[in-house]
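>
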Amino acid sequence: MIEVNNESVTLSLKSDQTYDLPFLWLRDNCQCDLCRISETEEKQFLLHTVPADIRPESVEVKENTIHIVWPDAHNSIIPIDKIIESKNKDIQITSLGRKILFQPSMIGKVF
Ligand SMILES: [Zn+2]
105 MIEVNNESVT LSLKSDQTYD LPFLWLRDNC QCDLCRISET EEKQFLLHTV PADIRPESVE
165 VKENTIHIVW PDAHNSIIPI DKIIESKNKD IQITSLGRKI LFQPSMIGKV F
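At position 6 of the sequence shown the residue is numbered 110 (this note's numbering), and the sequence of numbers has no breaks.
#1: Can you grab the Cα-Cα spacing for the pair P183 / V165, in whole Å?
#2: Could you pull out every unbroken alpha helix (DSSP H) segment of at least 4 residues lying fully inside the stretch 117-168, listed in chain order?
#3: When DSSP labels each residue in this structure, what does E107 get in the three-state scheme?
#4: Under 7 Å from any heavy atom of ligand 1, does the C-beta of H171 make it?
#5: Taking C-beta to C-beta, are I181 and C134 nearer than 8 Å?
#6: Please classify R131: is it buried, with 16 or more other beta-carbons within 10 angstroms of its beta-carbon, or exposed?
#7: Of the choices I106, N110 and M105, whose alpha-carbon is the least far from that of D157?
#8: Beta carbon of C136, beta carbon of N168: below 8 Å?
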């Protein structure tokens, strides 16, 4: 159901849907209370504060939610429903991944 690759996690759902989720995308879409202000869903987490080559320590699926442990001990929680919803805006995710993964030197200048 879930597979960890070099730069992404592959999530396979029962209905033959497969989602390729870059590590940075997963970190950026963390739904935990530290990364989101729950009332407004405003993002607290800033993507440039993590290394561009961040890799999860562990990834598991429990009750339709992906649980990820990162090297800095942060625990990410991402409901699978949220992934399906976000993946419908696929272009945005792909371009985000490219920007961060292939132009890491840009980050410091932009911010
Ligand atoms: Zn979080």
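Where is the CB? At the ideal position from N, CA and C, for every residue including glycine.
Looking at the coordinates:
#1: By one-based count along the sequence shown, residue 183 stands at place 79. By one-based count along the sequence shown, residue 165 stands at place 61. Cα-Cα distance, rounded: 9 Å.
#2: 127-132
#3: Residue 107 sits at position 3 when you count from the first residue of the sequence shown. Three-state DSSP puts E107 in a strand.
#4: Reading the sequence shown from its first residue, position 67 is the one you call residue 171. H171: no, Cβ never under 7 Å from ligand 1.
#5: For the purposes of this step, residue 181 is taken as the residue at position 77 of the sequence shown. For the purposes of this step, residue 134 is taken as the residue at position 30 of the sequence shown. Result yes, Cβ atoms of I181 and C134 sit closer than 8 Å.
#6: On the sequence shown, residue 131 is found 27 positions in, with the first residue counted as 1. By the neighbour-count rule (16 or more Cβ atoms within 10 Å), R131 is buried.
#7: Position 53 of the sequence shown, counted from the start, is the residue given in the question as residue 157. Taking only the C-alpha atoms, the option nearest D157 is N110.
#8: Locating residue 136 in the sequence shown gives position 32, counting from the first residue. Locating residue 168 in the sequence shown gives position 64, counting from the first residue. Taking 8 Å as the Cβ cut-off, C136 and N168 do not qualify as a contacting pair.
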